[in-house]
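S.K.:
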Amino acid sequence: MNAPLIVFFVLAVVAILGAISLILQRHPIHSALSLIVVMVALAGLYLLMGAEFVAAVQIIVYGGAIMVLFVFVIMLLNAGSEERTNISKMAGWAGLPLAIALMGFLAAAVARSTDRVQAAAQTGAPAPTKALATLLFQDFVYPFELTSFLILVAILGAIVLAQRDQKESHL
Amino acid sequence: MTDFLAQHADILITLVKIALLLFIVLTVNAYLTWFERKVVAHMQSRWGPHRVGPHGLLQPLADGAKFLLKEDPTPAGVDKFTYFLAPLMALALALTSIAIIPFGPDPIRVLGHDIYLGIVDLNIGILALFAITALSVYGVALAGWSSNSKYPLLGGLRSSAQMVSYELALTMSVVGVLLLAGSFSLRDIINAQAIHPERGIIGWNIFPQILGFLCFFIAAIAETNRVPFDLPEAESELVAGFHTEYASFKFAMFFIAEYTSMITVSCLCAILFFGGWLSPFPASWTFTHYLPSAILIPFGLWVVWDGIRYETIFGRIVLPGLGTIITVIGAVLIALPFINEFIQGPFWLLGKILFFLFVYVWMRGTLPRFRYDQLMSFGWKLLLPVSLANVVITASVILLRSR
Chain A
307 MNAPLIVFFV
317 LAVVAILGAI
327 SLILQRHPIH
337 SALSLIVVMV
347 ALAGLYLLMG
357 AEFVAAVQII
367 VYGGAIMVLF
377 VFVIMLLNAG
387 SEERTNISKM
397 AGWAGLPLAI
407 ALMGFLAAAV
417 ARSTDRVQAA
427 AQTGAPAPTK
437 ALATLLFQDF
447 VYPFELTSFL
457 ILVAILGAIV
467 LAQRDQKESH
477 L
Chain B
548 MTDFLAQHAD
558 ILITLVKIAL
568 LLFIVLTVNA
578 YLTWFERKVV
588 AHMQSRWGPH
598 RVGPHGLLQP
608 LADGAKFLLK
618 EDPTPAGVDK
628 FTYFLAPLMA
638 LALALTSIAI
648 IPFGPDPIRV
658 LGHDIYLGIV
668 DLNIGILALF
678 AITALSVYGV
688 ALAGWSSNSK
698 YPLLGGLRSS
708 AQMVSYELAL
718 TMSVVGVLLL
728 AGSFSLRDII
738 NAQAIHPERG
748 IIGWNIFPQI
758 LGFLCFFIAA
768 IAETNRVPFD
778 LPEAESELVA
788 GFHTEYASFK
798 FAMFFIAEYT
808 SMITVSCLCA
818 ILFFGGWLSP
828 FPASWTFTHY
838 LPSAILIPFG
848 LWVVWDGIRY
858 ETIFGRIVLP
868 GLGTIITVIG
878 AVLIALPFIN
888 EFIQGPFWLL
898 GKILFFLFVY
908 VWMRGTLPRF
918 RYDQLMSFGW
928 KLLLPVSLAN
938 VVITASVILL
948 RSR
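Order-wise, the sequence lines are chains A and B.
Residues 307 to 477 in the working numbering are what the first sequence spells out, letter by letter.
Residues 548 to 950 in the working numbering are what the second sequence spells out, letter by letter.
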């Protein structure tokens, strides 16, 4: 057991516990907090693999911006605790077997590729941010720009929807 | 035992550095409250704290004791886990961000180990700082939500909206500096400003990046929830905002977190735009290296002169003693050139940090608070476009020059 492997398992356990807690918590804010734990643990895993830039961006974008909006909306709507219901029949008959099948599938895939899992647990040399930038802005510049365009369209859509509401209320 | 020490020297050195830095930062925090109260008081023609110790110098200790000894009630109906988590998160994140700041250029050599001033030198230094800033909004937002009370909830909502809005401008305003330096590391950013040592102050980022600096400083004040952007705790509207329901040391934790992030922002301003530990004078002007002594010795003598006339006997003992120590330090710096050379970097960095802390306090004594809609339209309609324009202009100039 070397130190990076221990860190890997600690982070992995934290991420999994966070994910389970996300589902089991009754209050939306607690679920959101659990999701933040998952995000930060994932960032730690990226850091372990030497992807410093990706780790920082993971925390800034997912842990910060997106989850703050989640928490903000939950607070704004003043959402209370959810009531627990029994598992619906549909979920019992179809969901549980499917979930178990998916888990088995993933476990089999992981078990087959032990080398890669080993590699993931190894500390990588810090990947230079420059290499990432070259990939994004030279090799894959068209897909990157297309994605940006897609996001821009979504932002414009949000603005248009908000504006329409305002106009109607003024009339 | 010695084997163990030799093997884990790096870890031990880091632990000692963390303990030292924590001690220094918390002490500076305490005296920052004294400094703020004194400066604001004098701006308003008052004396400020002057009862506890000479010139009120023991006031921070009295405040600290009060925070520790006060009753710490937990209001009814709070969300216990989040209520306790929020101040802890605020404080932990604020203190973590200090770890990334480098405080001096040269390492100290102790027992064959080069010890740099500053805990870690990350390749992604500035990004890591932004990551910590991005998380620190939860401290305020969760405190507001978990208190189960109207005013804190409004404060928490305001702060999350404000911090998300200003974080964009904060991040964009630094891009110009990053383009000039070509690195995320704070050490590299400072060194990039020293390419022409003979230019001194002209080489600093503040001149090509004046727009970036203004955007950065304004957005950073908003991120630290200080006047004129302290709407999350606007006392005229929200009692005390997000920390209304916190008492005793839990309140102190928010307090310390706020002052620590003030220090971090001042460090960042100095490092990113004002050359960090670089002297404003050309490198060939070696006589400016006596500046620390030239400031310390007269200041120490003034403290002695002021102290022997002080009203209380305690003050007449303590102040001259303090003045003597300051004078002796100044004299030692002249007598021992190698210490003087080493102290140059930290001296300039600390001087700049102190200046920005003063600006913070100055603004608190001068500016009125923004209205909430003004705050939002200022952030989105002015700050963000200007910082984006700054990125475009900087990138174009760099591109044209490289041809």
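Note that beta-carbon positions come from the ideal geometry of N, C-alpha and C, so glycine has one too.
In this text, all values refer to a predicted model and were calculated from it rather than measured experimentally.
Could you name the residues that DSSP lists as bridge partners for I662/B?
M.R.: Mapped onto the second sequence, residue 662/B falls at position 115. In DSSP, I662/B forms a bridge with I655/B.
S.K.: Return helix, strand or coil for A646/B, following the three-state DSSP convention.
M.R.: As a first step, residue 646/B is located in the second sequence; it is residue number 99 there, counting from the start. A646/B: coil per DSSP, three-state reduction.
S.K.: Should L402/A be flagged as near chain B, meaning a C-beta pair shorter than 9 Å?
M.R.: For the purposes of this step, residue 402/A is taken as the residue at position 96 of the first sequence. It does not: the Cβ of L402/A has no partner Cβ on chain B nearer than 9 Å.
S.K.: For Q444/A, does the count of other Cβ atoms within 10 angstroms reach 16, so buried, or fall short, so exposed?
M.R.: Taking the first sequence and counting its residues from 1, the one referred to as residue 444/A is at position 138. With fewer than 16 Cβ atoms within 10 Å of its Cβ, Q444/A is classed as exposed.
S.K.: Applying the criterion that 16 or more other CB atoms from any shown protein chain within 10 Å of the CB defines a buried residue, is K627/B buried or exposed?
M.R.: Here residue 627/B is taken as the residue at index 80 of the second sequence, counted from 1. Burial call: exposed.
S.K.: Here's a check: name, in chain order, each residue in its chain whose Cβ is nearer than 6 Å to the Cβ of M800/B, leaving out the five neighbours to either side.
M.R.: Along the second sequence, read from residue 1 onward, the residue named residue 800/B stands at position 253. If we look at M800/B and ignore the five residues flanking it on each side, its Cβ neighbours are P634 and L638.
S.K.: Please look up how many angstroms separate the CB atoms of G926/B and F789/B, rounded, as I've assumed it's under 8 Å.
M.R.: Residue numbering aside, residue 926/B sits at position 379 when the second sequence is read from its first letter. Residue numbering aside, residue 789/B sits at position 242 when the second sequence is read from its first letter. That pair is no contact at about 19 Å.
S.K.: Please name the residue, chosen from R746/B, S707/B, A675/B and H597/B, that lies closest to L382/A on a Cα-to-Cα basis.
M.R.: Within the first sequence, the letter at position 76 stands for residue 382/A. L382/A has its Cα closest to that of S707/B, out of R746/B, S707/B, A675/B and H597/B.
S.K.: On the three-state DSSP scale, how would you describe L914/B?
M.R.: Numbered from its first residue, the second sequence carries residue 914/B at position 367. Coil, per DSSP.
S.K.: Please report how far the alpha carbon of T453/A lies from the alpha carbon of E583/B, in whole angstroms.
M.R.: Your numbering for residue 453/A matches position 147 in the first sequence. Your numbering for residue 583/B matches position 36 in the second sequence. So the two alpha carbons sit approximately 48 Å from each other.
S.K.: What would DSSP say about S419/A, mapped onto helix, strand or coil?
M.R.: Locating residue 419/A in the first sequence gives position 113, counting from the first residue. DSSP places S419/A in coil when its eight states are reduced to three.
S.K.: Closest to V938/B by C-alpha separation, out of Q756/B, Y857/B and T811/B, would be which residue?
M.R.: The count along the second sequence starts at 1 and reaches residue 938/B at position 391. Measuring from the Cα of V938/B, the nearest candidate turns out to be Q756/B.
S.K.: Candidates H555/B, S840/B, I742/B and G603/B: which alpha carbon is nearest A578/B's?
M.R.: Counting from one through the second sequence, the residue named residue 578/B turns up at place 31. The sequence shown places Tyr at residue 578/B, not Ala. Nearest C-alpha to Y578/B: G603/B.
S.K.: If you reduce the DSSP assignment to three classes, tell me which class M590/B lands in.
M.R.: For the purposes of this step, residue 590/B is identified with residue 43 of the second sequence, where counting begins at 1. In this structure, M590/B counts as helix in the three-state DSSP scheme.
S.K.: Could you tell me whether the Cβ of L442/A comes closer than 9 Å to any Cβ of chain B?
M.R.: Stepping through the first sequence from its first residue, residue 442/A is reached at position 136. L442/A does not count as touching chain B.
S.K.: Sort S696/B, N576/B, L931/B and H555/B by Cα distance to Y630/B and report the nearest one.
M.R.: By one-based count along the second sequence, residue 630/B stands at place 83. Residue S696/B is the option with its Cα nearest to Y630/B.
S.K.: Going straight from the alpha carbon of E858/B to that of P596/B, what length do you get?
M.R.: In the second sequence, counting from the first residue as 1, residue 858/B sits at position 311. In the second sequence, counting from the first residue as 1, residue 596/B sits at position 49. Roughly 15 Å separates the two Cα atoms.
S.K.: Which same chain residues, not among the five before or five after Y698/B, have their C-beta less than 6 Å away from its C-beta?
M.R.: Here residue 698/B corresponds to residue number 151 of the second sequence, with the count starting at 1. Same-chain partners within the cutoff: L785, V786 and T791.
S.K.: Would T435/A count as contacting chain B if we go by Cβ distances under 9 Å?
M.R.: Position 129 of the first sequence, counting from 1, holds the residue named residue 435/A. Yes, its Cβ sits closer than 9 Å to a Cβ of chain B.
S.K.: Based on Cα-Cα distance, which residue from W824/B, L715/B, S813/B and P845/B lies nearest to F902/B?
M.R.: For the purposes of this step, residue 902/B is identified with residue 355 of the second sequence, where counting begins at 1. The candidate whose alpha carbon is nearest that of F902/B is S813/B.
S.K.: Taking all protein chains shown into account, decide if N384/A is buried (16 or more other Cβ within 10 angstroms of its Cβ) or exposed.
M.R.: One-based indexing of the first sequence puts residue 384/A at position 78. Burial call: exposed.
S.K.: Give me the Cα-Cα distance between I560/B and P310/A, rounded to the nearest whole angstrom.
M.R.: Looking up residue 560/B in the second sequence gives position 13. Looking up residue 310/A in the first sequence gives position 4. Computed Cα separation, rounded: 20 Å.
S.K.: Chain B beta carbons: is any one of them nearer than 9 Å to that of M381/A?
M.R.: Walking along the first sequence from the start, residue 381/A turns up at place 75. Yes, its Cβ sits closer than 9 Å to a Cβ of chain B.
S.K.: Around the C-beta of R734/B, are 16 or more other C-beta atoms found within 10 angstroms, so that it is buried, or is it exposed?
M.R.: As a working mapping, residue 734/B is identified with position 187 in the second sequence. With 16 or more other Cβ atoms within 10 Å, it is buried.
S.K.: For the region 363 to 371 of chain A against the region 678 to 696 of chain B, are there 3 or more C-beta pairs whose distance is under 8 Å?
M.R.: Cβ pair count under 8 Å is three or more, so yes.
S.K.: Between V313/A and L354/A, how many whole angstroms is the CB-CB distance? I'm expecting something under 8 Å.
M.R.: Walking along the first sequence from the start, residue 313/A turns up at place 7. Walking along the first sequence from the start, residue 354/A turns up at place 48. With a Cβ gap of about 6 Å, V313/A and L354/A count as contacting.
S.K.: Taking the C-alpha atoms as reference points, what is the distance between N887/B and T835/B?
M.R.: Against the second sequence, residue 887/B aligns to sequence position 340. Against the second sequence, residue 835/B aligns to sequence position 288. N887/B and T835/B: Cα-Cα distance of roughly 11 Å.
S.K.: So is G401/A buried or exposed if we call it buried at 16+ other beta carbons inside 10 Å?
M.R.: Sequence index remark: in the first sequence, residue 401/A carries index 95 (1-based). That one is exposed.
S.K.: Using a Cβ cut-off of 9 Å (strictly closer), state whether N937/B contacts chain A.
M.R.: Within the second sequence, the letter at position 390 stands for residue 937/B. No - not a single Cβ of chain A is within 9 Å of the one on N937/B.
S.K.: If you run the structure through DSSP and keep just helix, strand and coil, what is K617/B?
M.R.: Here the question's residue 617/B lines up with position 70 in the second sequence. Three-state result, K617/B: coil.
S.K.: By the criterion of Cβ-Cβ separation under 8 Å, what are the contact partners of V684/B in chain A?
M.R.: For this step, residue 684/B is matched to residue 137 along the second sequence. What V684/B touches in chain A: G370 and V374.
S.K.: Return the residues of the region 687 to 701 of chain B that lie within a Cβ-Cβ distance of less than 9 Å from chain A, sorted by chain order.
M.R.: Under the 9 Å Cβ criterion, the region 687 to 701 of chain B contributes A688, L689, G691, W692, S693 and L700.
S.K.: Name the chain B residues whose beta carbon is nearer than 8 Å to that of A362/A?
M.R.: Reading the first sequence from its first residue, position 56 is the one you call residue 362/A. Within 8 Å Cβ-Cβ: I671, L674, A675, F677 and A678.
S.K.: Under 9 Å between C-beta atoms, does A787/B make it to chain A?
M.R.: Residue mapping note: residue 787/B aligns to position 240 of the second sequence, counting from 1. Judged by the 9 Å Cβ criterion, A787/B is not in contact with chain A.
S.K.: Report the start-end ranges of each alpha helix (DSSP H) in the region 309 to 342 of chain A that is 4 residues or longer and not cut off at the edges.
M.R.: Those alpha helix (DSSP H) runs which fall completely within the region 309 to 342 of chain A and span 4+ residues are 309 to 330.
S.K.: Which residues in chain A sit within 7 Å of P707/B, going by Cβ to Cβ distance?
M.R.: As a first step, residue 707/B must be located in the second sequence, where it is residue number 160. As written in the sequence, residue 707/B is Ser, which differs from the Pro given in the question. Residues of chain A passing the Cβ test: V374, V377 and F378.
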